[in-house]
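Protein chains in written order, with my numbering: chain C, 1 to 409; chain P, 1001 to 1131. Cβ atoms here follow ideal geometry from the backbone N, Cα and C, with glycine treated the same way. Keep in mind the model is a prediction, meaning the values are calculated, not measured. What follows is a short report on a single structure.
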């Protein structure tokens, strides 16, 4: 049974009616029916004609929800851009809406920034003495209600937290997408929200790397110095450790970024050691492995067949335990310098969920200008993106298969 | 065989990152290496197209300076106080917001107000900013 909801981009005025608009045109897009009225409207306040949208969702919706926990702002990441790229298309802010919106929309995915669920704006947090990291600054009830609505195919009027003004702006309408990504500090904090996630990722940046990255980010700013950057990280650390860090035990995949072990006493944070920690037994998710699944491997691809420049590349893979969960860990230390190193590595990894040989390399090349394109961060983000695509296809084919089975019976 | 150059993360400043910080480490810019090995100051940012974006950039720059000063003052008394934590959290928030804006202008080469200004070309925010 289908449930249809009528909503407009403006609030319903009593002078508008659905049944008798003049000169209507019907167009359909997916399972939405859009009626455009170019006739006279009684409302004087109208700007451009606002289309009516009737959205129908099937009883069991196919919105897949992904959670991404990270400490560095929203819509930012490279991770998001790689992910949306795997599905095709670029993610853009909603057209014509609030220019300070944090939301990104592409054909298949909508990325929501969880800062939009702040219950306290900047002034409010200052008054109460809580940081944005503190759960008391966030409305988890609203987060749960809206993520649940979107997951079941119902649109939501989501608030907007404006990072420039520090205020909560009027809400924007979010239509249920095929893939919903909720990104921010607390995607896995609330148990009810956690249960809605089909897959969750935690980006775990070590203190040294975080410091190096924030220096890169902030040193060009007039107000900042090494001291202020350091002080900011240290001051936020207690709340971070108390509220954000514990979420990593719930994640299906953790991408851990550490300083390299290949260069002794390296403190520049340029060469990175990245670990992809994958939970075993997660539905629709089969961990990537090297050579022999479940065994322990240490692999240096550089040698006779492949020449690498300093400091080279080192991989390892093996089973482990992580916060009481059985996991497999794939680790890369070092940097890619050339295309052939990347393709060589890809050819030795298994369970990548690629659709053709060389897809990982192709995706990495497509975004060679993104940060992390020459190390494990880019590689593992790309792989996780492919895993999410695989997960999405499995989930949606399961759902379409079920009704067929019912009719056969 | 094609040799492809991967751009690494922008090079960090050429300074000694030891644990002893000099009292006033005033570094006015970070530098990164271009392909032709010339050092370019990162302060040369692609200019915003619309007035609104230029105003936001300016606002965020001022906010960063303001909030850092505020945090230093607030934390003088007690570094572990809630007020101190909140002050540095605000610094983080505006620093990230500025970095996001910079990224969109420099890397994505798009003015964030582009689509808004196409629909609302007559607003103050959408005046074309002349360099």
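- For residue 186 (chain C), the closest Cβ of chain P is not nearer than 9 Å.
- Here residue 1111 (chain P) is not near residue 1071 (chain P), since their CB atoms are 9 Å or more apart.
- By the rule that beta-carbons nearer than 9 Å mark a contact, residue 1067 (chain P) touches chain C.
- The beta carbons of residue 354 (chain C) and residue 360 (chain C) sit about 6 Å from each other, so the pair counts as a contact at 8 Å.
- Those residues of the stretch 99 to 128 of chain C placed with their C-beta closer than 7 Å to a C-beta in chain P are 99, 122, 125, 126, ordered along the chain.
- Going by beta carbons, residue 306 (chain C) and residue 339 (chain C) fall outside the 9 Å limit.
- No Cβ-Cβ contact shorter than 9 Å links residue 309 (chain C) with residue 1096 (chain P).
- Contacts with chain P (Cβ-Cβ distance below 9 Å) from the stretch 221 to 234 of chain C involve 221, 222, 223, 224, 225, 226, 227, 228, 229, 230, 231, 232, 233, 234, listed in chain order.
- Of all residues in the stretch 1094 to 1106 of chain P, the ones placed with a Cβ closer than 9 Å to any Cβ belonging to chain C are 1094, 1095, 1096, 1097, 1098, 1099, 1100, 1101, 1102, 1103, in chain order.
- For residue 1058 (chain P), the secondary structure class from DSSP, reduced to helix, strand or coil, is helix.
- Between the alpha carbons of residue 172 (chain C) and residue 311 (chain C) lies a gap of roughly 48 Å.
- Here residue 256 (chain C) is buried. Its C-beta has 16 or more other C-beta atoms within 10 Å.
- For the pair residue 103 (chain C) and residue 93 (chain C), the CB atoms are nearer than the 9 Å cut-off.
- Neighbours of residue 135 (chain C) in chain P, taken as residues at a C-beta separation under 9 Å, are lacking, since the least C-beta distance is about 14 Å.
- If you draw a straight line from the Cα of residue 150 (chain C) to the Cα of residue 158 (chain C), it is about 11 Å long.
- Between the stretch 235 to 246 of chain C and the stretch 218 to 226 of chain C there are fewer than three inter-stretch CB-CB distances shorter than 8 Å, so the stretches are not counted as touching.
- By the rule that beta-carbons nearer than 9 Å mark a contact, residue 1079 (chain P) touches chain C.
- Per DSSP, the beta-bridge partners of residue 318 (chain C) are C:329.
- The contact set of residue 1109 (chain P) on chain C, defined by CB atoms closer than 7 Å, is empty, because the minimum CB distance reaches about 11 Å.
- Residue 389 (chain C) and residue 226 (chain C) have their C-alpha atoms some 41 Å from each other.
- When Cβ pairs closer than 8 Å are counted between the two stretches, the stretch 125 to 145 of chain C is seen to touch the stretch 188 to 197 of chain C, the count reaching three or more.
- In the three-state reduction of the DSSP assignment, residue 282 (chain C) falls in the coil class, being assigned neither a helical nor a strand state.
- Residue 1118 (chain P) has a beta carbon lying within less than 9 Å of a beta carbon in chain C.
- Using a Cβ-Cβ distance cut-off of 8 Å, the stretch 252 to 271 of chain C and the stretch 1118 to 1127 of chain P are not in contact, since fewer than three pairs of beta carbons, one from each stretch, lie closer than that value.
- Using a CB distance cut-off of 9 Å, residue 238 (chain C) counts as an interface residue toward chain P.
- Taking the Cα positions, residue 129 (chain C) is about 5 Å away from residue 1082 (chain P).
- Against chain C, the beta carbon of residue 1083 (chain P) has neighbours under 7 Å at 129, listed in chain order.
- If you compare the alpha carbons of C:163, C:81, C:315 with that of residue 261 (chain C), the shortest gap goes to C:315.
- For chain P, the residues of the stretch 161 to 188 of chain C that bring a beta carbon within less than 8 Å of one of its beta carbons are 163, 164, 166, in chain order.
- Against residue 1124 (chain P), chain C offers no close residue; the least beta-carbon distance is about 13 Å (beta-carbon pairs closer than 8 Å).
- For residue 1092 (chain P), the enclosing alpha helix (DSSP H) has its first and last residue at 1082 to 1106.
- Bounds of the beta strand (DSSP E) holding residue 112 (chain C) are 109 to 113.
- The Cβ of residue 1092 (chain P) sits closer than 9 Å to at least one Cβ of chain C.
- Contact with chain P is found for residue 92 (chain C), since one of that chain's Cβ atoms lies less than 9 Å from the residue's Cβ.
- With respect to residue 122 (chain C), residue 167 (chain C) sits close: the two C-beta atoms are nearer than 9 Å.
- The C-beta separation of residue 1116 (chain P) from residue 170 (chain C) comes to about 15 Å, leaving the pair out of contact by the 8 Å criterion.
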